[in-house]
Ligand code: ARG
């Protein structure tokens, strides 16, 4: 499901993109017309490598090395490159001239977006994320959805799109009969002290136990479902209280996490209830609906069960009830027709892949996902404990997120105290908050989201390696250089690169918009993490090889400017991931 229009603009500061744009017209002319991709890529042997001569030579039936030589001799590369070399079967290795690098560095430094350009045609992107269930514990899967979804919201916004957050909470369905009856049995105050404090599991389990034990309770619960679905006013008030108590708890988690979700973003299953009969009518009218075992179903092609028989998407049960699929189909219609979405992102765990694929397939068949609108399942794997099994608390229960986040902050506070005992109490707790929460988020974001990852405190809080504390520390270290620079009254100047470590850092800084583009195009925040990690490493090596405050004059001013651009890029990148960068730590 590719999105036809490009999501990100070609960066202004990326020498690779610029070289590509420079070369394309010449290649197109050489090819006798048409678009030709010069295929310029980063390289281990040089600053970049042009690979486009090979496919073009094949197309034209000429020798690729000869064509590569022709490209070199065309003079098109001369003003950007200080050296160009044909290699192997017809690659061209290029070294960018230092003048070009210096100029691009100053463009990046003077741009508040550090070279990331706003989309010329903003798209409307709906991001469906977090989506916990009312009166059920938010598990680590919801943590993943919340953290990944929030990073994507920030990234799409930075790319200039108009982003709509939707928190598709599970707030409707059969269990609400028993939950409401249990609420009545307990009395609201008792229920509130449990649910609002986050004892969602206890509440749900107690209701469920009663349901299994007492026929009288079962009867009441069933009647209550009928009342709820029938729109009974008193039942709705009770249901609303239940939802409010749970969302109050979700909000404490969101606040602690520092994510963007607010109450206005709540768009739970209940919101789609009134739309479902219409959805069914439209399916009926389109002739897609059939009956199977008394249920109303649609058979999207390409889905089959274990026996190889066609698999139906059930949209209305035999009993007449609507289900998760009906609600998700109505939700697609709502997002496309009411919100005019161009792109629908579903940040939902991998186990729901088949459900979502079937929903998307049926929506396409029915014409609800027209040409130009894409729906994408942004899937993710599990969070595992050290034992490689699903993460559990010591007592074997599912982990309470608030406890987990509090522990992260406590551990970070201990680490900060050890590293920098001079920080005052208030500063220390602010920094600990940023480090602890940052560590949890970064651990989640930095592995390819489709893979499982192991939740390990020591690893995620380590100041070494691909972790948030490492990146935050690199940032804070640069900020401390500037505190000294201010005392000594020296300031930044024009950047010029000479030393290899300066050049390497500079090229990485200029690659920021390209890394961003790469991450957003595949909804892969981990690619941005990898980029930032490499940036911090290149900074460390620059800082080892190139004295900053101990150098003088223009060199010091230039190196300070490189430091500044590095700090800004680190903090901007972390911000896109929803992570704060402290001034000191
Ligand atoms: N509430 C669901 C769950 O906890 C996730 C909902 C995802 N969004 C959607 N449109 N189906 O599994």
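Numbering (our numbering), first residue to last: 6 to 590.
All C-beta atoms in this analysis are idealised placements derived from N, C-alpha and C, irrespective of residue type, glycine included.
Bear in mind the structure is a predicted one, so any value in this text is a computation, not a measurement.
Residue i CB to nearest heavy atom of the ligand ARG below 8 angstroms
{"i": "residue 366", "result": "no"}
{"i": "residue 357", "result": "yes"}
{"i": "residue 50", "result": "no"}
{"i": "residue 138", "result": "yes"}
{"i": "residue 353", "result": "yes"}
{"i": "residue 174", "result": "yes"}
{"i": "residue 386", "result": "no"}
{"i": "residue 361", "result": "yes"}
{"i": "residue 551", "result": "no"}
{"i": "residue 441", "result": "no"}
{"i": "residue 333", "result": "yes"}
{"i": "residue 209", "result": "no"}
{"i": "residue 178", "result": "no"}
{"i": "residue 259", "result": "no"}
{"i": "residue 236", "result": "no"}
{"i": "residue 336", "result": "yes"}
{"i": "residue 391", "result": "no"}
{"i": "residue 133", "result": "yes"}
{"i": "residue 329", "result": "yes"}
{"i": "residue 154", "result": "no"}
{"i": "residue 578", "result": "no"}
{"i": "residue 147", "result": "yes"}
Contact with chain C by residue i, beta-carbon distance below 9 angstroms
{"i": "residue 125", "result": "Of the protein chains in the structure, only one exists, and it is not chain C."}
Same chain only: Cβ atoms within 8 angstroms of residue i, ignoring 5 sequence neighbours per side
{"i": "residue 270", "result": "170, 171 and 172"}
{"i": "residue 159", "result": "265, 580, 581, 582 and 583"}
{"i": "residue 6", "result": "Bear in mind that a pLDDT of 35 at residue 6, under 50, signals an unreliable position, so the number given afterwards is only what the model happens to contain. Answer for residue 6: 365, 379, 380 and 381, listed in chain order."}
{"i": "residue 127", "result": "165, 166 and 167"}
{"i": "residue 456", "result": "386"}
Own chain partners of residue i with C-beta closer than 7 angstroms, once the 5 adjacent residues on each side are dropped
{"i": "residue 421", "result": "428, 433, 436, 437, 440 and 590"}
{"i": "residue 8", "result": "A caution first: residue 8 carries a pLDDT of 41, below 50, which makes its placement in the model too unreliable to give a value."}
{"i": "residue 568", "result": "483, 486 and 553"}
{"i": "residue 248", "result": "139 and 176"}
{"i": "residue 179", "result": "230"}
{"i": "residue 498", "result": "559, 562, 563 and 566"}
{"i": "residue 251", "result": "139, 140, 200 and 205"}
{"i": "residue 588", "result": "481 and 484"}
{"i": "residue 539", "result": "513"}
{"i": "residue 520", "result": "532, 533 and 536"}
{"i": "residue 450", "result": "152, 153, 156, 530, 531, 534 and 582"}
{"i": "residue 333", "result": "364"}
{"i": "residue 89", "result": "77, 82, 97 and 99"}
{"i": "residue 27", "result": "81 and 85"}
{"i": "residue 5", "result": "Within the shown structure, residues of the chain are numbered from 6 to 590, placing residue 5 beyond reach of any answer."}
{"i": "residue 413", "result": "441, 442, 444 and 445"}
{"i": "residue 303", "result": "288, 293, 294, 317, 318, 320 and 367"}
{"i": "residue 278", "result": "177"}
Own chain, CB closer than 6 angstroms to residue i, minus 5 neighbours either side, in chain order
{"i": "residue 366", "result": "305"}
{"i": "residue 44", "result": "56 and 57"}
{"i": "residue 320", "result": "301, 330 and 331"}
{"i": "residue 550", "result": "506"}
{"i": "residue 183", "result": "212, 216 and 226"}
{"i": "residue 210", "result": "none"}
{"i": "residue 24", "result": "45 and 85"}
Beta-carbon spacing of residue i, residue j below 9 angstroms
{"i": "residue 373", "j": "residue 274", "result": "no"}
{"i": "residue 53", "j": "residue 46", "result": "yes"}
{"i": "residue 17", "j": "residue 120", "result": "yes"}
{"i": "residue 162", "j": "residue 345", "result": "no"}
{"i": "residue 383", "j": "residue 154", "result": "yes"}
{"i": "residue 522", "j": "residue 12", "result": "yes"}
{"i": "residue 99", "j": "residue 72", "result": "no"}
{"i": "residue 242", "j": "residue 407", "result": "no"}
{"i": "residue 350", "j": "residue 134", "result": "yes"}
{"i": "residue 416", "j": "residue 466", "result": "yes"}
{"i": "residue 500", "j": "residue 110", "result": "yes"}
{"i": "residue 280", "j": "residue 338", "result": "yes"}
{"i": "residue 308", "j": "residue 357", "result": "no"}
{"i": "residue 393", "j": "residue 459", "result": "yes"}
**OP:** Would you list, in sequence order, the uninterrupted alpha helix (DSSP H) runs of no fewer than 4 residues that lie entirely inside the segment 122–147?
**Re:** Within the segment 122–147, there are no complete alpha helix (DSSP H) runs of at least 4 residues.
What alpha helix (DSSP H) runs, 4 residues minimum, are completely inside the segment 346–404?
-> Qualifying alpha helix (DSSP H) stretches, in chain order: 358–370.
* To do: Could you tell me which uninterrupted alpha helix (DSSP H) segments, each at least 4 residues in length, are contained entirely in the segment 184–267, listed from first to last along the chain?
  => Runs found: 193–200, 205–218, 220–234 and 238–262.
### Message
Which runs of the alpha helix (DSSP H) at least 4 residues long sit entirely within the segment 438–485? Give them in chain order.
### Response
462–465
*Contiguous alpha helix (DSSP H) assignments of at least 4 residues, all confined to the segment 20–63*: With a minimum length of 4 residues, the continuous alpha helix (DSSP H) runs that stay inside the segment 20–63 are 20–35.
**Study point:** Every unbroken alpha helix (DSSP H) within the segment 276–324, with a cutoff of 4 residues, ordered by chain
**Key:** As far as the segment 276–324 is concerned, its whole alpha helix (DSSP H) runs of at least 4 residues are 281–290.
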